[in-house]
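For what it's worth, the numbering used here labels the leading residue of the sequence shown as 192, then goes sequentially.
Cβ coordinates follow ideal geometry from the N, Cα and C atoms, glycine included.
For clarity, every value in this text was computed on a predicted model and none was experimentally measured.
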Amino acid sequence: MTAAVADAVAAVDYDHFVTEPDGSTLPQSSSVTSIQQMLEDLEVRPGHRVLEIGTGSGYTTGLLANLAGADGLVRSVEVFADLVPRAQARLAAAGVTTATVTNGDGYAGDPAGAPYDRVVAWATPHVIPSAWIDQIGQDAAVVAPVKVARLARAHAIVAITVSGGRPTAVSARPGGYIEMHSEPVTIFGLPLRYVDASHIPDDAEPWWLSSAALREVPGVAGLLLDRLRSAPHTSATPLAPGEDLDDFTAWLYATVPVELATAGLSDRFAGIGAATEGGAAFLTDDELITTGNPDAGRILTLWIEEWRNAGRPGWPDITGVVVPSVEGWEVRLTLR
Ligand SMILES: C[S@@+](CC[C@H](N)C(=O)[O-])C[C@H]1O[C@@H](n2cnc3c(N)ncnc32)[C@H](O)[C@@H]1O
Numbered sequence: 192m193t194a195a196v197a198d199a200v201a202a203v204d205y206d207h208f209v210t211e212p213d214g215s216t217l218p219q220s221s222s223v224t225s226i227q228q229m230l231e232d233l234e235v236r237p238g239h240r241v242l243e244i245g246t247g248s249g250y251t252t253g254l255l256a257n258l259a260g261a262d263g264l265v266r267s268v269e270v271f272a273d274l275v276p277r278a279q280a281r282l283a284a285a286g287v288t289t290a291t292v293t294n295g296d297g298y299a300g301d302p303a304g305a306p307y308d309r310v311v312a313w314a315t316p317h318v319i320p321s322a323w324i325d326q327i328g329q330d331a332a333v334v335a336p337v338k339v340a341r342l343a344r345a346h347a348i349v350a351i352t353v354s355g356g357r358p359t360a361v362s363a364r365p366g367g368y369i370e371m372h373s374e375p376v377t378i379f380g381l382p383l384r385y386v387d388a389s390h391i392p393d394d395a396e397p398w399w400l401s402s403a404a405l406r407e408v409p410g411v412a413g414l415l416l417d418r419l420r421s422a423p424h425t426s427a428t429p430l431a432p433g434e435d436l437d438d439f440t441a442w443l444y445a446t447v448p449v450e451l452a453t454a455g456l457s458d459r460f461a462g463i464g465a466a467t468e469g470g471a472a473f474l475t476d477d478e479l480i481t482t483g484n485p486d487a488g489r490i491l492t493l494w495i496e497e498w499r500n501a502g503r504p505g506w507p508d509i510t511g512v513v514v515p516s517v518e519g520w521e522v523r524l525t526l527r
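Written out as structure tokens, the structure reads:
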């Protein structure tokens, strides 16, 4: 941990922000390890103007205010209205005077505080919103989780340097937060974007399937998901001991083969793999789940061979590129 982040972590009382009156932890609290890593990437310096998306408990707002110091400012945007007065009260009780929390959709940023030196998000947008880049000043940076493919749960945490109004460089590492949403989330465990088929049991986690290729073929994703629910075949993972599924996943995100798919199989797992019109094959940490004809399994085996032949590249070998789109700035991964 850098000295500045370590000092901020020591100065801001986590429990003060996240603890509820009944002693439980606010569900919208982030993992402290992930917060610290993102703050190191963000490099907030004294005097910086910081835009935060997703106030949650206000803990990270307190950390950012500490890092930006008395001459800096933090503007934090939270979509869930009930959390705003809660965070405001806790920040005030902690003596934080340089942070403002407002209720709104973080996709719009917060023009009132622009230009910002830093933007950080604790919820995952599908693209880096144009508003964030428009509201940023010279030599600025954005650190945020973002989608890296048009597949559910395909995300990474990226650090983007912005110069002259253009995002210029990206580093990427694994991780993600809840998807950014404008309306309250009603079905927990079901991704908000790029789900091509789903089944929501009353008493268990949802089933879902995401496949960009099958998106074009009506009904097929639903049939495959039915098969995964009714006739899954489970075997040991084809990855060898020491081969890391996270690294293989990074390589798949960087190469994005046509049949690439993601799935959530209720309480069993959320996995990555291949889906074709006739079958599917998904990897978990220690299992291979297949259904239908063997094509998808063969394709997955082929990808593993290609990854091995490429030297098993993983997250350290991956970088990101930022491309403009009608909805904002898309982030895609590529091998260095
Ligand atoms: C993981 S929590 C944030 C935790 C916070 N960093 C903390 O330490 O307590 C993500 C937050 O993002 C908020 N959020 C989700 N979509 C949003 C949006 N479109 N605009 C602003 N906030 C959003 C959620 O309501 C939630 O409070």
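From which residue to which residue does the beta strand (DSSP E) around residue 479 run? Looking at the DSSP string, the run of the beta strand (DSSP E) that includes residue 479 is 478-483.
In three-state terms, what does DSSP make of residue 421? The answer is helix: DSSP assigns residue 421 an H, G or I state.
Throw me the rounded Cβ distance for the residue 468 and residue 411 pair, which I believe falls under 8 Å. At roughly 5 Å, the Cβ-Cβ gap stays under 8 Å, so residue 468 and residue 411 are in contact.
Nearest to residue 230 by CA position, among 344, 311 and 439, is which residue? Looking at the Cα atoms, 311 is the closest of the given residues.
Put residue 398 into one of helix, strand or coil per three-state DSSP. Three-state DSSP puts residue 398 in a strand.
Buried or exposed (CB count within 10 angstroms, at least 16 for buried), residue 346: Residue 346 comes out buried.
So what's residue 451 in DSSP terms, helix, strand or just coil? Three-state result, residue 451: strand.
Identify which residue in 287, 444 and 464 has its Cα closest to the Cα of residue 492. Comparing Cα-Cα distances from residue 492 to each of 287, 444 and 464, the minimum goes to 464.
Could you tell me the alpha carbon to alpha carbon distance between residue 521 and residue 331, rounded to whole angstroms? Cα to Cα, residue 521 sits roughly 18 Å from residue 331.
Measure the beta-carbon distance from residue 337 to residue 316 and round it to whole angstroms, keeping in mind my assumption that it falls under 8 Å. Rounded, the Cβ-Cβ distance is 6 Å, consistent with contact.
Is residue 371 buried or exposed, if buried means 16 or more other CB atoms sit within 10 Å of its CB? Residue environment analysis places residue 371 among the buried positions, since at least 16 neighbouring C-beta atoms fall within 10 angstroms of its C-beta.
Cβ atoms of residue 381 and residue 399: under 8 Å apart, would you say? The beta carbons of residue 399 and residue 381 sit closer together than 8 Å.
Entirely within the segment 321-387 and at least 3 residues each: give me those beta strand (DSSP E) ranges in chain order. Counting whole runs of 3 or more residues, the segment 321-387 contains the beta strand (DSSP E) stretches 327-338, 346-354 and 357-365.
Could you tell me which residues DSSP pairs with residue 215 in its beta bridges? As computed with DSSP, residue 215 is found in no beta bridge at all.
When you measure from the CB of residue 519 to every non-hydrogen atom of ligand 1, does any distance come out below 7 Å? Outside the cutoff, so no.
Compute every distance between the C-beta of residue 319 and the non-hydrogen atoms of ligand 1, then say whether any falls below 7 Å. Checking every heavy atom of ligand 1 against the Cβ of residue 319, none is found closer than 7 Å.
Short of 6 Å in beta carbon distance, which residues of its chain neighbour residue 266, apart from the five on each side in sequence? Order them along the chain. The beta carbon of residue 266 lies closer than 6 Å to those of 242, 291, 301 and 304 in the same chain, with the five residues before and after it left out.
Taking the C-alpha atoms as reference points, what is the distance between residue 296 and residue 373? Distance between the alpha carbons of residue 296 and residue 373: 6 Å.
For residue 275, which residues of its own chain have a beta-carbon under 8 Å away from its beta-carbon, when the five flanking residues on both sides are left out? So the qualifying residues of the chain are 246, 269, 292, 293 and 294.
What are the partner residues of residue 193, as DSSP defines its beta bridges? DSSP lists no partner for residue 193.
Please report the distance separating the alpha-carbon of residue 452 from that of residue 359. Roughly 29 Å between the two C-alpha positions.
Where does residue 225 sit, in a helix, a strand or coil, going by DSSP? Note: residue 225 maps to helix in three-state DSSP.
Quick one: what does DSSP say residue 430 is sitting in, helix, strand or coil? Here DSSP, grouped into helix, strand and coil, assigns residue 430 to coil.
Could you tell me which of 218, 472 and 204 sits nearest to residue 250, measuring between CA atoms? For residue 250, the nearest C-alpha among the options comes from 204.
For ligand 1, is there a heavy atom less than 7 Å away from the beta-carbon of residue 247? Yes, Cβ of residue 247 sits closer than 7 Å to a heavy atom of ligand 1.
Can you give the beta carbon distance from residue 485 to residue 470, rounded, assuming they're within the 8 Å contact cut? With a Cβ gap of about 7 Å, residue 485 and residue 470 count as contacting.
Taking 7 Å as the line, does the beta carbon of residue 314 fall inside it for any heavy atom of ligand 1? For ligand 1, at least one heavy atom lies less than 7 Å from the Cβ of residue 314.
Give me the Cβ distance between residue 401 and residue 343, rounded to the nearest whole Å; I'm assuming they're in contact under 8 Å. Indeed they touch by this definition, with Cβ atoms about 4 Å apart.
DSSP-derived helix/strand/coil call for residue 164: Only positions 192 to 527 of the chain appear in the structure, and residue 164 is not among them; the question remains open.
What three-state label does DSSP hand residue 411 in the structure shown? In this structure, residue 411 counts as helix in the three-state DSSP scheme.
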